[in-house]
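Asks:
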Amino acid sequence: MALLPILEFPDPRLRKVADPVAAVDDRVKTLVDNMFDTMYAAPGIGLAATQVDVHERIIVMDISDNQQAPRTFINPKIAILDETLGEYDEGCLSVPGFYETVNRPKRISVTALDKEGERFTEELQGLMAICLQHEIDHLDGKLFVDYLSPLKRQRIRGKLEKAHRQRA
Ligand code: GNR
Ligand code: NI
Numbered sequence: 042m043a044l045l046p047i048l049e050f051p052d053p054r055l056r057k058v059a060d061p062v063a064a065v066d067d068r069v070k071t072l073v074d075n076m077f078d079t080m081y082a083a084p085g086i087g088l089a090a091t092q093v094d095v096h097e098r099i100i101v102m103d104i105s106d107n108q109q110a111p112r113t114f115i116n117p118k119i120a121i122l123d124e125t126l127g128e129y130d131e132g133c134l135s136v137p138g139f140y141e142t143v144n145r146p147k148r149i150s151v152t153a154l155d156k157e158g159e160r161f162t163e164e165l166q167g168l169m170a171i172c173l174q175h176e177i178d179h180l181d182g183k184l185f186v187d188y189l190s191p192l193k194r195q196r197i198r199g200k201l202e203k204a205h206r207q208r209a
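Residues 42 to 209 in my numbering are what the sequence shown spells out, letter by letter.
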């Protein structure tokens, strides 16, 4: 069991674009295990490696209630199946305490490698589709606050910077 520190907005390391994983080896498997520990402890329903300052294309996710459905996506590629957007009040472990409405395509397909390095493809909708798009944004250096107005984003930035100063 290892908990990794989670970077918080506006940390510039959250803006790095993650590199593809070359091989799903023991190093990657240990990182995935530690990412699950960190996500469940937070608690959160998803975590991208970028958030723990590892700039490789690795995502863990579990939208179930009792840690019953762990999912790993390595080098994920998504395709939009239908341009219809759905709105959802998103939060982020890297933007703690803030929830704002974001619109994203409701139906996507993903191709990725699993924890064993096996390639799979599946269609997603609902919270899985929302969360996976949120996590892939992290791998591309993007945050949900980027979809908000500059004023809202600046307010959130100011409040988090103040919280960080008070912690230091
Ligand atoms: O735990 C999380 N909840 C959440 C809720 C709505 C939309 C996206 C998410 S992901 C978030 C965890 C996180 O920050 N992952 O990057
Ligand atoms: Ni997030």
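From the three backbone atoms N, C-alpha and C, an ideal C-beta is built for every residue, glycine too. Small disclaimer: the values here were computed from a predicted structure and weren't measured.
Residues in its own chain within less than 6 Å of G132 by CB, not counting five upstream and five downstream?
Replies: Indexing the sequence shown from 1 puts residue 132 at position 91. Around G132: Y140.
Asks: Cβ of A89 within 8 Å of Cβ of E176?
Replies: For the purposes of this step, residue 89 is taken as the residue at position 48 of the sequence shown. For the purposes of this step, residue 176 is taken as the residue at position 135 of the sequence shown. Yes; because the gap between Cβ atoms is below 8 Å, this pair is in contact.
Asks: I'd like to check one pair, L48 with S150: are the Cβ atoms closer than 8 Å?
Replies: As a working mapping, residue 150 is identified with position 109 in the sequence shown. As a working mapping, residue 48 is identified with position 7 in the sequence shown. It is not a contact, given that the beta carbons lie outside the stated cut-off.
Asks: Evaluate M42 with the Cβ neighbour count: other Cβ atoms within 10 Å of its Cβ, from every protein chain shown; 16 or more gives buried, anything less gives exposed.
Replies: What you label residue 42 is simply residue 1 of the sequence shown in a count that begins at 1. Exposed: under 16 other Cβ atoms inside 10 Å.
Asks: Using the C-alpha atoms, what's the distance from L72 back to N144?
Replies: The sequence position of residue 144 within the sequence shown is 103, counting from 1. The sequence position of residue 72 within the sequence shown is 31, counting from 1. Roughly 31 Å between the two C-alpha positions.
Asks: Just to confirm, are P146 and T162 a CB contact at a threshold of 8 Å?
Replies: Translated into positions along the sequence shown, residue 146 becomes position 105. Translated into positions along the sequence shown, residue 162 becomes position 121. No.
Asks: Quick one: grab the DSSP three-state call for E157.
Replies: For the purposes of this step, residue 157 is identified with residue 116 of the sequence shown, where counting begins at 1. Correct three-state label for E157: coil.
Asks: Taking 8 Å as the cut-off, decide whether the C-beta atoms of I121 and L173 are in contact.
Replies: Here residue 121 corresponds to residue number 80 of the sequence shown, with the count starting at 1. Here residue 173 corresponds to residue number 132 of the sequence shown, with the count starting at 1. Result no, Cβ atoms of I121 and L173 do not sit closer than 8 Å.
Asks: May I ask you to check if the CB of H175 is nearer than 7 Å to at least one heavy atom of the ligand NI?
Replies: For this step, residue 175 is matched to residue 134 along the sequence shown. The answer is yes for H175.
Asks: Would you say the beta carbon of E131 comes nearer than 7 Å to a heavy atom of the ligand GNR?
Replies: Locating residue 131 in the sequence shown gives position 90, counting from the first residue. The answer is yes for E131.
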